[in-house]
Amino acid sequence: MALKLSRLSDATGVEARGVDLSQPLDVDTKSRLNQAFVDHSVLVIREQTLSATQLRDGVKNFGEIFPQHNTRFSLPDCPEIHYLSNNDRYPDGTRYIPGAGYHTDHSNSETPPKATLLLAIELPDSGGDTQYVNMVAAYDALPDSTKERLQGLKAMHVYQSKHSARKLMGLTDEAKERIPDAVYHPIVRTHPESGRKSIYINPIRIDGIDGMQEAEALELLNKLLVHATQEKFQYRHKWRAGDLVMWDNRCLLHKANGDYDHETQTRYLYRVMLQGDRPV
Ligand code: SIN
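Numbering (numbering that gives the first Met the number 0), first residue to last: 0 to 279.
See the structure below:
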């Protein structure tokens, strides 16, 4: 099999065919896939039939596994791999739909994961797309005056922002001990591999901006979100059976769409993340 790469949209995304992650990759294929990921931020590897352990081993071609915060979604037989499902419920019995609302993963970590990977195991007949926003393009398109205003600003990231419309599943006591209460990251970060600047915000995790009044901070963050999520900066991924999607949390926002029948349809994916650097 020979690797074939094709772009998925003007905004972001590249499709890879001719790869089987259950087998060792040759040096050239591994290097081209890693470069495609840095260049296009969303790497969609089609037609992967992988067990959880094959996924765990296969993702090591791209980096080290990052321990996810909420261990309640960990697979008992392969704890490094978690799952996403619309069949879990909050303690009050209401259904939990993971991934709704734009965000970047685990930004409340000192060194947030560079990438998240999802492998489609069971998909609804239609709907359940994942939308991605290219935050480099969004940054580039800001007026110079806004770029100057953002320079040096840091946001406070927590597990669950008090301003977030989306409520996350509670952490276990063990996880509460393990993860920091709050971390500060720059609102404009520079990608450690491409060297490009992007807007780094997270509506579900940011509680405020260091040294700024709450109302002013919320207005600025909201303006940035509205600007960034314009359609011209987006790629919308329509899942196919066997898709393995790896995205770059350093320079994208993403969200899952819950627009399918939660009672009769199942959306179930394996999830794993890769270690990243401290944002600068
Ligand atoms: C996530 O937010 O990590 C999940 C996105 C999705 O389910 O498509």
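Ideal Cβ positions, reconstructed from N, Cα and C, are used throughout, including at glycine.
| task | Look up residue 280 in the DSSP assignment and say whether it is helix, strand or coil. | result | The chain is shown only over 0 to 279; residue 280 falls outside these bounds and no answer can be derived.
| message | Going by C-alpha to C-alpha distance, which of 166, 210 and 154 sits closest to residue 201? | response | In the sequence shown, residue 201 corresponds to position 202, counting from 1. Residue nearest to residue 201 within the set 166, 210 and 154 is 154 (criterion: CA-CA distance).
| With distances taken from CA atoms, which of 272, 158, 93 and 190 is nearest residue 175? | Numbered from 1 along the sequence shown, position 176 holds the residue referred to as residue 175. Proximity to residue 175 across 272, 158, 93 and 190 peaks at 158, based on C-alpha coordinates.
| said: When you measure from the CB of residue 224 to every non-hydrogen atom of the ligand SIN, does any distance come out below 7 Å? | reply: For this step, residue 224 is matched to residue 225 along the sequence shown. Incorrect: residue 224 has no Cβ contact closer than 7 Å to the ligand SIN.
| field | Coil, strand or helix - residue 57 by DSSP | value | Position 58 of the sequence shown, counted from the start, is the residue given in the question as residue 57. Residue 57: helix per DSSP, three-state reduction.
| task | Helix, strand or coil for residue 237, going by three-state DSSP, please let me know. | result | Numbered from its first residue, the sequence shown carries residue 237 at position 238. It is coil, neither helix nor strand.
| Around the C-beta of residue 86, are 16 or more other C-beta atoms found within 10 angstroms, so that it is buried, or is it exposed? | Position 87 of the sequence shown holds residue 86. Label assigned to residue 86: exposed.
| message | To test your reading of the DSSP string, which unbroken alpha helix (DSSP H) runs of 4 or more residues are found completely within the segment 119 to 197? | response | 134 to 139, 143 to 149 and 172 to 177
| said: Which residues end up in the neighbourhood of the ligand NAD when you take C-beta atoms closer than 7 Å to any of its heavy atoms? | reply: This structure lacks the ligand NAD; its bound ligands are the ligand SIN.
| task | Kindly identify the DSSP beta-bridge partner or partners of residue 14. | result | Sequence index remark: in the sequence shown, residue 14 carries index 15 (1-based). Answer is 5 and 43.
| request: Would you check if the distance between the CB atom of residue 198 and the CB atom of residue 160 is smaller than 8 Å? | output: The residue given as residue 198 occupies position 199 in the sequence shown. The residue given as residue 160 occupies position 161 in the sequence shown. Not closer than 8 Å, so no.
| request: Using 10 angstroms around the beta-carbon of residue 272, count the other beta-carbons present and answer buried if the total reaches 16, otherwise exposed. | output: Numbered from its first residue, the sequence shown carries residue 272 at position 273. Under this definition residue 272 is a buried residue.
| said: Please classify residue 0 as buried or exposed, where buried requires at least 16 neighbouring CB atoms within 10 angstroms. | reply: As a working note, residue 0 is residue 1 in the sequence shown. Residue 0 comes out exposed.
| With 16 as the cutoff for other CB atoms within 10 Å, does residue 107 come out buried or exposed? | Against the sequence shown, residue 107 aligns to sequence position 108. It is buried - the Cβ of residue 107 has at least 16 other Cβ atoms within 10 Å.
| Same chain only: Cβ atoms within 8 Å of residue 114, ignoring 5 sequence neighbours per side | Stepping through the sequence shown from its first residue, residue 114 is reached at position 115. 36, 61, 62, 245, 246, 247, 248, 272, 273 and 275, listed in sequence order.
| Between residue 258 and residue 126, is the Cβ-Cβ spacing less than 8 Å? | Within the sequence shown, the letter at position 259 stands for residue 258. Within the sequence shown, the letter at position 127 stands for residue 126. Their beta carbons are under 8 Å apart, which means residue 258 touches residue 126 by this criterion.
| request: Tell me, to the nearest whole angstrom, how far the beta carbon of residue 217 is from that of residue 162; I am working on the premise that it is less than 8 Å. | output: Numbered from its first residue, the sequence shown carries residue 217 at position 218. Numbered from its first residue, the sequence shown carries residue 162 at position 163. Rounded, the Cβ-Cβ distance is 6 Å, consistent with contact.
| Around the Cβ of residue 18, are there at least 16 other Cβ atoms within 10 angstroms (buried) or fewer (exposed)? | Taking the first residue of the sequence shown as 1, we reach residue 18 at position 19. Residue 18 comes out buried.
| query | From which residue to which residue does the alpha helix (DSSP H) around residue 225 run? | reply | Here residue 225 refers to the residue found at position 226 of the sequence shown. Residues 213 to 227.
| task | Kindly indicate the opening and closing residues of the beta strand (DSSP E) around residue 254. | result | Here residue 254 refers to the residue found at position 255 of the sequence shown. Run containing residue 254: 251 to 255, per the beta strand (DSSP E) assignment.
| Are the beta-carbon atoms belonging to residue 101 and residue 135 less than 8 Å from one another? | Start at 1 with the first residue of the sequence shown, and residue 101 comes out as number 102. Start at 1 with the first residue of the sequence shown, and residue 135 comes out as number 136. Their beta carbons are not under 8 Å apart, which means residue 101 does not touch residue 135 by this criterion.
| request: Could you pull the start and end residues of the beta strand (DSSP E) that residue 81 belongs to? | output: Within the sequence shown, numbered from 1, the residue matching residue 81 stands at position 82. Taken as a continuous stretch (DSSP letters only), the beta strand (DSSP E) holding residue 81 covers 77 to 84.
| Three or more C-beta pairs closer than 8 Å, one from the segment 11 to 30 and one from the segment 44 to 62: is that the case here? | yes
| query | In three-state terms, what does DSSP make of residue 38? | reply | For the purposes of this step, residue 38 is identified with residue 39 of the sequence shown, where counting begins at 1. Correct three-state label for residue 38: helix.
| query | Can you tell me where the beta strand (DSSP E) with residue 199 in it begins and where it stops? | reply | Numbered from 1 along the sequence shown, position 200 holds the residue referred to as residue 199. Note, residue 199: premise wrong, no beta strand (DSSP E); not H, not E.
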